[in-house]
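Protein chains in written order, with my numbering: chain A, 129 to 547; chain B, 2 to 653. Notes to accompany the following structure.
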Amino acid sequence: MSFATISRRLATAAAVACLPLFTSGWLSGHQSTFETKGPVARTQLDVFYVTLWVTMLVFVLVAGVLAYATLKFKARKDDANKTMPPQGHGNPFVELGLIALSIAALVVIAVPTLRAIWYTYDVPEEQRANAYEVNAHGLQWWFKFEYPSEQIDGTGTLVNANELVIPAGRPVRVNLRTADVIHSFWVPKLAGKVDMMPNRGNHLWLQSDEPGYFWGQCAEFCGESHSVMRFRVVALAEADFAKWIAKQRQPARIPAVAPEQPKLVAAGYVPLSNPKRNSPGYTAEFDADPMGHWVAKQEVDAGEDVALALHGRTVFKEKSCITCHAVRGHDGMGVNGPDLTHFGSRTTVAAGLLENSKVNLHRWITQPNNVKPGNKMYRGVNGMAGYMTADAEGDMTVEHIKVSDDEARALVEYLHSLK
Amino acid sequence: MEAALKSAYTATDRAPKLVARPWFFTRPVAKTGIVSWLTTVDHKKIGLLYGIFSLFFFLVGGFEALLIRVQLAVPNNTFLTHQAYNEMFTMHATTMIFLAVMPLSAAFFNYLMPLQIGARDVAFPRLNGFAFWVFLAGAIILNVGWFTKAGAPDVGWFGYAPLTSNQFSTHFKGDVSTDLWVMGLQILGVSSVIGSLNFIVTIINMRAPGLTMMRLPVFTWMTLFTAFLIILSFPAITIALVELMMDRSFGTGFFEVSKGGLPILWQHLFWIFGHPEVYILILPAMGIVSEILPTFSRKPLFGYPIVVFSGAVIGFLGFGVWSHHMFTTGLGTMATAAFSLATMAIAVPTGVKIFNWIGTLWGGQIHTRTPMMFALGFIWMFMMGGFSGVMHSAAPADAQQQDSYFVVAHFHYVLIGGSIFALLAGVHYYFPLVFGRMVSEFWGKLSFWVIFVGFNVTFFPMHFLGLNGMPRRTAVYDGNMGWNTGNLIASIGAFILGIGIFIYFVVIVYTYAKGKKIKRDPWDARTLEWSVPTVPPPEHNFHVTPTVHARDAFWYEKTNAKEIAEESALHAKDEESHGGIHMPSQSWFPILTACGMLFGGLCFAHHFFLGAIIGGVVTFLGVIGWAFEGPGGYHLHLDKDGNAKPDHGDSH
């Protein structure tokens, strides 16, 4: 057998041995760095494989010698009678040879590393004209996405929150900004992370080869609820993307005029009576076909209760939601919270944390602190009312906004009508 | 002749006049009891104090780690709140780095280094005591937050600005947790720098005759390098901490974005300290292993000059790689490439050490006693941590690994598998020297295997978690990400590791009380610290200052007993003719000065500036008293059985 054959067979055997890691989900989760879906993540994975194979080879050699030496020279019972081992102090030629070999191994890693540093830094020159540009802002604890090429008369840049929709098959340059502390933008299947630094204009680029739905997460500790600062990236075929942009440019939808009085308790779901702190907001059905769910979300809900939704719009105003949230074309124009103009078309709520179902949204509105402790909807911000605010002692006791079950249902219906 | 020599030097008319001293300058002389510990200047007692407190904080940090692993055992757990979890990982790291591994290394420095160079104490004995008491003050300030409403520090051990600014510390009105963190670290820095200056002066000036630099035991070399790293790197973090303190207490704008501050400045300053800090944690461990391997292989260290030189190169390069902690902060291509290559370069001297340890084993007679088991475990685990370190050095790959569990796996392999394994090996190895008792082989090896298995079960799966996209410092994760099994295994492993550590400590405590008593030099060791006349060593360490003839000095003594005996007799006469064995006097001022810093620091962190000034005044008066008290010192005279008789009458 030739050396090439042996090494190929060894590589195959290693791959087969590692297979369970992939099939069991150990390395194939939603944020796997192995299931790359774009050139940036792929380049990073290739460099990782180079480091992996080189270090594995060195490890096998060094560990082999170490294991051999430990077993071979282990003291035996009869050693007491033997003479001392030779009291030698080393061999400079062995040392130099090993140093040279280590350097050679590192050069093997260094070359692809340097190439990849330049490649992953920015969109390659020849594709720059074709690149799509978005601005991503990190805030405690959610993401705001701006589309600078989409200017809307009277209101400025098109904004979206927590779901970055991008064209597939096209490089996307993401300008990374933050308004408060350091955050980090990480969508493992598309690209490694780059931090959002205050007073610093960072950027990254990524590309999704195919349309797809990707999980991302803040990767720099950013305060109390860092763990639940997540987001999604949705890559669409060029035509779908154009359609989505066109729709996003529209002001918020107003459902057809209500024929009757709102049925305050009729909405067809039972809110979780007391969902525990941190109780999960994901489902297996969603994971099986996230893109299908996203597409379905773009359409008006089948059983929409128009009257309730319109009532919800009043509640939205009365409960001061409008001081922090904007609903373009409706009443809200706040900027402290996510823009909700097309909230109903998003698949998640509370920054990628909960799937955007009626039950989950109801829970988020009524018990925000159990979902995302310390969030601004609960604590208030810059003197604006929250559900609770601090008293003189600094304890969270002063209640400002209270949302009843009926009001929450109306808000849910309203927000879900914003397609 | 003997009497004549003695009287010529210490006769009453030539000795300095004894002056009546006021009560506050009276030197304490207690050799046992609480006062002896509070006023001690004996490097061995100070080493023990460091050891006891660092092991205590090691257990505290370990307990925090177990709480973290309980929280992460299952997805969306509610065992800890997000806030409590953030406090837990902040304090776990801060405790393990500053209050466990660093002081445990300091314990070894204090206890062993003077013995290894044949000295009777360090160059500045009172300063040595001061360094310990200041360490304790810093440790108290860091941990006092657990007992307040605002809780313990919660900004991460790296405290990235601007999360540390007042604007984001709004959990309670009186939230001073970050101020306590800032003050605690500054005071710990004072302790480390003082201790390091002391070690450097000691190693340069107080070596026994014949102990040239290239005959120094490797552990002493590593002490020297670590001390230099500390005095060169701590100023950077001190500057950052002072700036942050100014921001938080007096409204300056070093890191406040709204005032034009630069958060990235904090990261540079922090990591210019933070990366050398990594080597501050690992070099002492390498030194201990470099002592244990030759002893149990029964041959000298392979390639001594290269091991020493590579330690120096690691220390030197360690200052040029800090930005590899910042590959994701948008450094630009050139800086990223430069730090990437520099980081790869540091793998070479580290690899050299591994080669030389294997070379030491090669051709020896390897006795796998408990310390040797830990030392061999160290080589294996450190090697694995080193290889994942090489993977990080490739910046594009690191973009996926940074701040993920892959990094958590990496640095626990080098810090537990590396530093802690070596320090645990050192505790076993030097236990007979320090306490004159020997740990049972069976229980020692059992604890090693449980620790070894538990450690790998805990941290090996974290490589996969990180590569599967799990970020660090997250209190909760969803169950649909493919992270459930890995986390559950890691949590189970953490408890196995905890049981191993528990066995280890029970065995150590049992041995201290009831272990087998042994004579000196139970391991047939090679370096000077084992040549002390008794175990535990007498206060004056050596009856006669040793003369060094070779690199493995004690090995040479054992193989050339006659020559050494004659030489010692001669030197004993010399020393007696110079007035006897000179010993430093105890003092109250180190602990008094440290108390001033503790009080002032606590008041400052609570923005109670009158109290801070009072603390500062106490510290100042302590230093003044210290200066006017004078260095002190007295002589010991040995009878023919080697029993020491102190002679405070000829103090000067």
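Virtual Cβ for every residue (Gly too), placed ideally from N, Cα, C.
For residue i, which residues in the same chain have their Cβ closer than 7 Å to its Cβ, ignoring the five residues on either side in sequence?
i, result
"F226/B", "L284, G312, A313, G316"
"P585/B", "V42, D122, P126, G633, G634"
"L138/A", "none"
"N167/B", "R249"
"H368/B", "F297"
"A513/A", "S448, H528, I529"
"G63/B", "G499, I502"
"V451/B", "I497, I500, G501, I504"
When you compare the CB positions of residue i and residue j, do they come within less than 7 Å of one another, or not?
i, j, result
"L593/B", "G623/B", "yes"
"I232/B", "V290/B", "no"
"T476/A", "N464/A", "no"
"T239/B", "M247/B", "no"
"P537/B", "V415/B", "no"
"H411/B", "S394/B", "no"
"T285/A", "R456/A", "no"
"W267/B", "H326/B", "no"
"A289/A", "D467/A", "yes"
"E352/A", "H83/B", "yes"
"A400/B", "G502/A", "no"
"Q587/B", "P23/B", "no"
What does the Cβ neighbour count give for residue i, buried or exposed, with the cut at 16 atoms within 10 Å?
i, result
"A5/B", "Interpretation of A5/B is limited by its pLDDT of 46, a score under 50 that renders its predicted location unreliable; no figure is taken from the coordinates."
"K518/B", "exposed"
"S312/A", "buried"
"N680/B", "Look at the range of chain B in this structure, 2 to 653, and you will see that residue 680/B is not part of it."
"D180/B", "buried"
"A423/B", "buried"
"T13/B", "Residue confidence is low: T13/B scores 49 on pLDDT, short of 50, so the model does not pin down where it sits. No coordinate-derived value is stated."
"P355/A", "In the sequence as presented, Pro is not what sits at residue 355/A; that position holds Ser. That one is buried."
"A394/A", "Note on A394/A: pLDDT 48, under 50, position unreliable in the model; the coordinate value appears next. Exposed, because fewer than 16 other Cβ atoms sit within 10 Å of the Cβ of A394/A."
"C449/A", "buried"
"V183/B", "buried"
"T619/B", "Per the sequence shown, the amino acid found at residue 619/B is Val instead of Thr. Per the 10 Å Cβ criterion, buried."
"Q279/A", "exposed"
"N488/B", "buried"
"W333/A", "buried"
"L189/A", "exposed"
Helix, strand or coil for residue i? Go by DSSP, reduced to three states.
i, result
"L224/A", "helix"
"F229/B", "helix"
"D459/A", "coil"
"T248/A", "helix"
"K518/B", "strand"
"R358/A", "strand"
"P472/B", "strand"
"A394/A", "Note that A394/A scores a pLDDT of 48, beneath 50, so its modelled location is shaky; the value from the coordinates is reported in the next line. Coil, per DSSP."
"F383/B", "helix"
"K646/B", "strand"
"W343/A", "strand"
By Cβ distance, which residues of its chain are closer than 8 Å to residue i, with the 5 residues on each side in sequence left out?
i, result
"P264/B", "Y161, A162, P163, F256, V258"
"G675/B", "In the structure as shown, chain B begins at 2 and stops at 653. Residue 675/B is therefore absent and cannot be evaluated."
"K46/B", "S37, W38"
I'd like the list of long-range same chain contacts for residue i, defined as Cβ closer than 6 Å, with 5 residues on each side in sequence excluded.
i, result
"Y515/A", "Y506, I529"
"T224/B", "F110, M114, F200"
"G499/B", "L67"
"E244/B", "F255"
"F303/B", "N357, G360, T361"
"G470/B", "none"
Counting pairs of Cβ atoms below 8 Å between the segment 278 to 285 of chain B and the segment 92 to 111 of chain B, do you hit three or more? yes
Any 3 or more C-beta pairs closer than 8 Å across the segment 258 to 266 of chain A and the segment 304 to 324 of chain A: yes
Check whether the segment 80 to 92 of chain B and the segment 29 to 41 of chain B touch, using three or more Cβ-Cβ pairs below 8 Å as the test. no
Check whether the segment 334 to 343 of chain B touches the segment 370 to 386 of chain B, counting contact only when three or more Cβ pairs, one atom from each stretch, lie closer than 8 Å. no
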